[in-house]
Amino acid sequence: MRRLWIACLPWLAACGFRSPAGEPADAGEPPDASLCFDGFTRVCLEALPTTPLVIASTMELDTTAGCATTTMGTAAGVCVIAATAIEVPADATLRVTGPRPLALLATSSIVVAGMLDAASHRGGTAGPGASPAAMCGSGTAPTLASGSGGGGYGGTFATVGGDGGESVGRGAKGVASTTVEVPTSLRGGCPGIAGASTNPGAGGAGGGAVELIAASIQVSGRVNASGAGGEAGTLDDSGGGGGGSGGMVVFDSPMLAITGTVLVQGGGGGGGSGGSGAGTPGADPIEAGVAAIPGDGYHAGGGTGGAGGFGAIAADAGNAQAGTLIGGGGGGGGAGIVRSSP
Numbered sequence: 322m323r324r325l326w327i328a329c330l331p332w333l334a335a336c337g338f339r340s341p342a343g344e345p346a347d348a349g350e351p352p353d354a355s356l357c358f359d360g361f362t363r364v365c366l367e368a369l370p371t372t373p374l375v376i377a378s379t380m381e382l383d384t385t386a387g388c389a390t391t392t393m394g395t396a397a398g399v400c401v402i403a404a405t406a407i408e409v410p411a412d413a414t415l416r417v418t419g420p421r422p423l424a425l426l427a428t429s430s431i432v433v434a435g436m437l438d439a440a441s442h443r444g445g446t447a448g449p450g451a452s453p454a455a456m457c458g459s460g461t462a463p464t465l466a467s468g469s470g471g472g473g474y475g476g477t478f479a480t481v482g483g484d485g486g487e488s489v490g491r492g493a494k495g496v497a498s499t500t501v502e503v504p505t506s507l508r509g510g511c512p513g514i515a516g517a518s519t520n521p522g523a524g525g526a527g528g529g530a531v532e533l534i535a536a537s538i539q540v541s542g543r544v545n546a547s548g549a550g551g552e553a554g555t556l557d558d559s560g561g562g563g564g565g566s567g568g569m570v571v572f573d574s575p576m577l578a579i580t581g582t583v584l585v586q587g588g589g590g591g592g593g594s595g596g597s598g599a600g601t602p603g604a605d606p607i608e609a610g611v612a613a614i615p616g617d618g619y620h621a622g623g624g625t626g627g628a629g630g631f632g633a634i635a636a637d638a639g640n641a642q643a644g645t646l647i648g649g650g651g652g653g654g655g656a657g658i659v660r661s662s663p
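Each residue of the sequence shown is one higher than the one before, starting from 322 at the first, in the numbering used here.
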């Protein structure tokens, strides 16, 4: 993969990373909040960290409380982990979940040679700060008619999610929100919505949100904040769930080198079910530049369930296919955001 260098010299502050040593507290701030790093997220520490953090093998971090004893600072609604240096070695994985976005702050360097996993996974846990209800626009929900349901829409974030598939002549499809906004704070991606009917597929969660703050950042491994695939309708002509959108990754550093992979793609939509059989679920994204695979609809003599839509890479997600008299497929999730701040 092509090497990408982003440098801003000679002043670190011009790139948003400010070493706070010796600076006075801002007006109105208590003395113990005077050590601040101004980037996309403003992080103020009680004291500079004195030890490094090296991830050994596999480490799981829940932002509900996982940073309560190790964090030295807070940024409104964000879990902060601070160290002199942070390293995820090539054979290690840092898996992050929980309701709050994560900020990793190092006063020197952050190196990700292994896996930093802030994604949401179908059938598993959601990434940090995923699917913030107050920040995600709502589309039009699918409907149920004559016992057959339309498919749910995919989540919209940086790009518009895919529409669900209708149940032809019966339940209407879910229509994705077209509200695309440039976020002003660190936040996760938006969820897909469930299909309609008795046994619909659930929508996939949006991807999580993570910010890396350091004097230098190197990514030769993988940073994943993608959305989850939608579940399939299981019985009774039910619609599939829409895929979740990708989340958000922010790099805040005057020196950034990326030779690995940063993944913020949308999940695939789930397939619609028939009266006596299930569709297949949408897949999570697994490779940069390759759309997440949608689920297939259930095929039976009485009709065909709609297939889900492809998850987005950097363009709009795929719309789902209609089901013939039975459940429609779920739409794919929209793309997420990668930002180098400022």
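In this text, a Cβ means the ideal position worked out from N, Cα and C, and glycines have one as well. Treat the numbers as computed from the prediction; the structure is a model and nothing was measured.
Looking at residue i: is its Cβ nearer than 8 Å to the Cβ of residue j?
{"i": "ALA628", "j": "THR480", "result": "no"}
{"i": "GLY567", "j": "PHE478", "result": "yes"}
{"i": "GLY588", "j": "GLY525", "result": "yes"}
{"i": "VAL599", "j": "GLY554", "result": "What sits at residue 599 in the sequence shown is Ala, not Val. Yes, Cβ-Cβ distance for ALA599 and GLY554 is below 8 Å."}
{"i": "GLY654", "j": "GLY562", "result": "no"}
{"i": "ALA656", "j": "ALA641", "result": "no"}
{"i": "PRO453", "j": "GLY419", "result": "no"}
{"i": "VAL531", "j": "VAL417", "result": "yes"}
{"i": "SER559", "j": "PRO521", "result": "yes"}
{"i": "GLY360", "j": "GLY649", "result": "no"}
{"i": "GLY548", "j": "ALA497", "result": "no"}
{"i": "LEU577", "j": "SER506", "result": "no"}
{"i": "ALA612", "j": "ASP605", "result": "no"}
Classify residue i: buried if its beta carbon has 16 or more other beta carbons within 10 angstroms, exposed otherwise.
{"i": "VAL659", "result": "buried"}
{"i": "ILE402", "result": "buried"}
{"i": "THR372", "result": "exposed"}
{"i": "ALA411", "result": "exposed"}
{"i": "ILE607", "result": "exposed"}
{"i": "VAL503", "result": "exposed"}
{"i": "GLY444", "result": "exposed"}
{"i": "ALA447", "result": "buried"}
{"i": "THR384", "result": "buried"}
{"i": "SER378", "result": "exposed"}
{"i": "THR428", "result": "buried"}
{"i": "ALA643", "result": "buried"}
{"i": "SER469", "result": "buried"}
{"i": "ALA386", "result": "exposed"}
Since residue i contacts residue j with CB under 8 Å, what's their CB separation in whole angstroms?
{"i": "VAL583", "j": "GLY528", "result": "About 12 Å; that fails the 8 Å criterion."}
{"i": "ASP557", "j": "THR519", "result": "4 Å"}
{"i": "GLY482", "j": "LYS494", "result": "The pair is not a contact, with the Cβ atoms about 12 Å apart (cut-off 8 Å)."}
{"i": "THR601", "j": "GLY595", "result": "No, THR601 and GLY595 are not in contact; Cβ-Cβ is about 12 Å, not under 8 Å."}
{"i": "MET380", "j": "LEU415", "result": "5 Å"}
{"i": "GLY610", "j": "GLY651", "result": "Not quite, the Cβ-Cβ distance comes to about 22 Å (not below 8 Å), so this is no contact."}
{"i": "GLY476", "j": "GLY513", "result": "5 Å"}
{"i": "ILE407", "j": "LEU423", "result": "About 12 Å separates the two Cβ atoms, so there is no contact after all."}
{"i": "PRO463", "j": "GLY490", "result": "Not confirmed; about 14 Å, so no contact."}
{"i": "ILE376", "j": "ALA404", "result": "No, ILE376 and ALA404 are not in contact; Cβ-Cβ is about 11 Å, not under 8 Å."}
{"i": "ILE534", "j": "VAL409", "result": "Rounded, the Cβ-Cβ distance is 15 Å, inconsistent with contact."}
Determine the direct distance from the alpha carbon of residue j to that of residue i, and round the result to whole angstroms.
{"i": "THR645", "j": "SER488", "result": "6 Å"}
{"i": "GLY473", "j": "GLY618", "result": "14 Å"}
{"i": "ALA440", "j": "ASP573", "result": "20 Å"}
{"i": "ALA368", "j": "LEU356", "result": "7 Å"}
{"i": "GLY398", "j": "ALA455", "result": "13 Å"}
{"i": "CYS511", "j": "THR362", "result": "20 Å"}
{"i": "THR499", "j": "ALA636", "result": "13 Å"}
{"i": "CYS336", "j": "CYS388", "result": "Because CYS336 sits at a pLDDT of 32, beneath the cut-off of 50, its placement in the model cannot be relied upon, and the following sentence gives the value as read from the coordinates. Answer to the nearest angstrom: the Cα atoms are 26 Å apart."}
{"i": "LEU366", "j": "THR580", "result": "31 Å"}
Can at least three beta-carbon pairs, one atom from the stretch 419 to 437 and one from the stretch 536 to 551, be found at a separation below 8 Å? Enough Cβ pairs lie closer than 8 Å, so yes.
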